[in-house]
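Read top to bottom, the protein sequences are chains A and B. Numbering that gives the first Met the number 0 applies: residue 0 is where the first sequence begins, and numbers increase by one. Numbering that gives the first Met the number 0 applies: residue 0 is where the second sequence begins, and numbers increase by one. Glycine included, every Cβ here is placed at the ideal spot set by N, Cα and C. As the structure is a computational prediction, the values presented were derived from the model and not from experiment. Below is one structure, written out as structure tokens, with a few remarks after it.
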Amino acid sequence: MKQEIIIAGFGGQGVLMMGKILAYSGLMDDKEVTWMPSYGPEQRGGTANVTVILSDDRISSPVLDAYDVVVALNQQSIDKFSGRVKPGGILIYDSNGIHNPPVRSDITILPIDAMEATFRIGHPKAYNMVVLGALLEAMPYKLPMENVAKGLMKSLPERHHNLIPLNREAIEIGRKLLSK
Amino acid sequence: MKGNEAVAHAAIRYGCDGYFGYPITPQSEVLETLEALMPWETTGMVVLQAESEVAAINMVYGGAASGKAVMTSSSSPGISLKQEGISYMAGAFLPALILNVMRGGPGLGTIQPSQADYFQATKGGGHGDYHLIVLAPSSVQEMVDFVGLGFDLAFKYRVPSMILADGIVGQMMEKVVLPPFRPRRTDEEIRKQCPWATNGRTGKRKRNVVTSLELESSRMEEVNHRLQECYREIEKAETRCEEIDTDDADYLIVAFGSIARICAKAMELAREKGIKVGILRPITLWPFPKEAVRKAADGKKGILCVELNAGQMIEDVRLAIHDCIPVEHYGRLGGIIPSPTEIVEALENKIIEK
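This is how it looks when you write it as structure tokens:
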């Protein structure tokens, strides 16, 4: 098993944090993991992305040019990464504000309305957890929810552990966006 | 955890006595993590944010002169500022650990990853005939391991060690196994391990002097010869590298640090296409693994040096093999990281189709 994933969006959307929780969840599931962020000014409002690799074996490059799963949360990210999904791979994107949706017939394209789902919870900061839920649902590698819960515990500082139930709820709502 | 955070944990666990630093991207997490962990309350390790890089390196000089295990970290422009202090430490036979998480230059450059400080790290950097022991980590685990190795080698040979990392290894998160806690050495143990240290005369021992100054030329030459002898010993005993599938390969890629990992992926892609490539990854950049490169090059059709610079390590590779087979360079500058596919293309265009 090897999953090469990139999550891309605006700085501030929680892209890096989402990748971190995914990486820690993989770690809790006994996988080799690598989390490689874009860093610096991008974290503060530009475009941000994070590459997460989960694997049974030793991971070579932390930097890739083709991915099994791409999560794109704005138009720029769709433009940049839709061509880099491996044939047969998956592209998940948030359809809000997208005027130029991705077109490819050799991959699975999954639009989600994560923003609307987030408003339903009434907690806008849980947006990235909704997206994470959708990613976990769509990803061929099925990460057990108990390990995602452990991943949340590991990656959130203790003072935020009271938010874990809310985050889990958001993940479940995200899952439902893609479970049929 | 992140590579930079891992260094902080490793330093405390090694029994490091002091860290003196000044923030600069992409390595500020070293100082931040140390401050968050507050080791002065547990092991007694000093963590100090100095007023500048120059101050920090001179604090390291002072700590090292008293036999303490001390370190500093910075990124390229900050390391340039530290060069005077590093040269003085080399001249005074002082052990210390310096971490450079390289970013693009010259000047303030960019905060994105680079390997453009290879020359500076391996050929001296400051003035005078000296070398540092230079270790190039390619994973977060090696960031941890090289803290211990760097200190051990520094004390064994009384030479400053440098961990030459880059923004990728510093910023990326991976699984790590941390070493067990080791207590800091007691004053008694330091006296025993470092009889040269200026840590107060007890009993009737001779006065110790730690200096890089010697105005009498014949004595200065002697000091220089002693340094050079020490370097020859290090070259003999401490050269390290990793080889991946070099035995059956037609072509060789030589790359260090995180870029060697990208090359490993490129190697997988190339082998899928039927191109037999192997990788040699120097772990010690100084001493450079000349013998290993020479042996690995034997029978190969060509070598591609992949570096995040305009061609620096390639000089050592060409010297090692006396240009007996074609050696070409591929690199990106200014913080751009090459993709595995790009490296395969470079191998095809620069070596195979030539």
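Check                                                                                                                                          : Outcome
Amino acids of chain E, ordered along the chain, whose beta-carbon sits closer than 8 Å to that of lysine 174 (chain B)                        : No chain E is part of this structure, whose protein chains are labelled A and B.
Which listed residue (A:Ser54, A:Lys19, A:Ser24) has its alpha carbon closest to that of asparagine 48 (chain A)                               : A:Lys19
Neighbour list for aspartate 216 (chain A) in chain B, Cβ cutoff strictly below 8 Å                                                            : Since the first and last residues shown for chain A are 0 and 179, residue 216 (chain A) lies out of range.
Contacts around valine 32 (chain A), its chain only, beta-carbon distance under 6 Å, and the 5 residues preceding and following it disregarded : Ala22, Gly25, Leu26, Leu53
Cβ of methionine 364 (chain B) within 8 Å of any chain A Cβ                                                                                    : Outside the shown range of chain B, which is 0 to 353, sits residue 364 (chain B), and nothing can be said about it.
The stretch 279-301 of chain B: positions lying closer than 8 Å to chain A by Cβ                                                               : none
Rounded separation between proline 357 (chain B) and arginine 218 (chain B) - CA only                                                          : For residue 357 (chain B) there is no data in the structure shown, the boundaries of chain B being 0 and 353.
N- and C-terminal bounds of the beta strand (DSSP E) containing glutamate 215 (chain B)                                                        : Careful: glutamate 215 (chain B) lies outside any beta strand (DSSP E) and carries neither H nor E.
Exposure of lysine 208 (chain B), with buried meaning 16 or more beta-carbon neighbours within 10 Å                                            : Before going further, note that residue 208 (chain B) is valine rather than lysine in the sequence given. Under this definition valine 208 (chain B) is an exposed residue.
Any non-hydrogen atom of the ligand COA within 7 Å of glycine 13 (chain A) CB                                                                  : This structure lacks the ligand COA, and indeed carries no ligand of any kind.
C-beta contact flag for aspartate 67 (chain A) and glycine 82 (chain A) at 8 Å                                                                 : no
Proximity test, Cβ basis, 8 Å: methionine 17 (chain A) and chain B                                                                             : no
DSSP-derived helix/strand/coil call for glycine 104 (chain B)                                                                                  : coil
Given glycine 17 (chain B) as reference, the closest of B:Val305, B:Ala345, B:Lys264, B:Tyr60 once Cα atoms are compared                       : B:Tyr60
Among A:His159, A:Pro143, A:Leu155, the one whose alpha carbon lies nearest that of aspartate 29 (chain A)                                     : A:Pro143
Collapsed DSSP secondary structure at tryptophan 34 (chain A) in the structure displayed                                                       : strand
Beta-carbon neighbours of methionine 171 (chain B), restricted to chain A and to distances below 8 Å                                           : Thr33, Trp34, Met35, Pro36, Pro61
Contacts that valine 22 (chain A) makes with chain B (C-beta to C-beta distance below 7 Å)                                                     : Here residue 22 (chain A) is alanine; the residue named in the question, valine, does not match the sequence. By Cβ distance, chain B contributes Met172.
Neighbourhood of alanine 49 (chain B) by C-beta distance below 8 Å, restricted to the same chain and skipping five residues each side          : Phe19, Gly20, Tyr21, Ala55, Met58
Buried or exposed by the 16-neighbour rule on C-beta atoms within 10 Å, applied to leucine 279 (chain B)                                       : buried
Through-space distance from methionine 142 (chain B) to isoleucine 162 (chain B), alpha-carbon basis                                           : 8 Å
Where lysine 19 (chain A) falls: helix, strand or coil (DSSP)                                                                                  : helix
One or two residues paired with aspartate 93 (chain A) in a DSSP bridge                                                                        : A:Ile111
Whether arginine 256 (chain B) touches alanine 135 (chain B) by CB criterion (8 Å)                                                             : Here the sequence assigns glycine to residue 256 (chain B), which means arginine is not the residue at that position. In contact: glycine 256 (chain B) and alanine 135 (chain B) (Cβ atoms closer than 8 Å).
Pair within 8 Å by beta-carbon distance, histidine 8 (chain B) and leucine 177 (chain B)                                                       : yes
Classification of isoleucine 58 (chain A) by the beta-carbon crowding that lies within 10 angstroms, buried from 16 upward                     : buried
Cβ-based burial, valine 102 (chain A) [other Cβ within 10 Å; buried from 16]                                                                   : exposed
Touch test, the stretch 282-293 of chain B against the stretch 120-131 of chain B, Cβ-Cβ under 8 Å, three pairs minimum                        : yes
Segment contact, 8 Å Cβ cut-off, at least three pairs: the stretch 334-348 of chain B with the stretch 308-325 of chain B                      : no
Residue from B:Arg293, B:Gly124, B:Ser216, B:Ala68 whose Cα sits closest to the Cα of histidine 150 (chain B)                                  : The sequence as given places phenylalanine at residue 150 (chain B); histidine does not occur at that position. That would be B:Ala68, whose Cα lies nearest to the Cα of phenylalanine 150 (chain B).
Under the three-state DSSP convention, the category glutamine 75 (chain A) falls into                                                          : helix
For arginine 204 (chain B) and serine 138 (chain B), the rounded distance between their alpha carbons                                          : 45 Å
Endpoints, alpha helix (DSSP H) assigned at lysine 349 (chain B)                                                                               : It is not in any alpha helix (DSSP H) - lysine 349 (chain B) carries neither H nor E in the DSSP assignment.
Neighbourhood of arginine 119 (chain A) by C-beta, 8 Å cutoff - its chain only, sequence neighbours within 5 removed                           : Ile172
Glutamate 306 (chain B) at chain A interface by Cβ criterion, 8 Å                                                                              : no
From B:Glu4, B:Glu341, B:Ser86, B:Glu52, residue whose alpha carbon lies closest to that of isoleucine 78 (chain B)                            : B:Glu52
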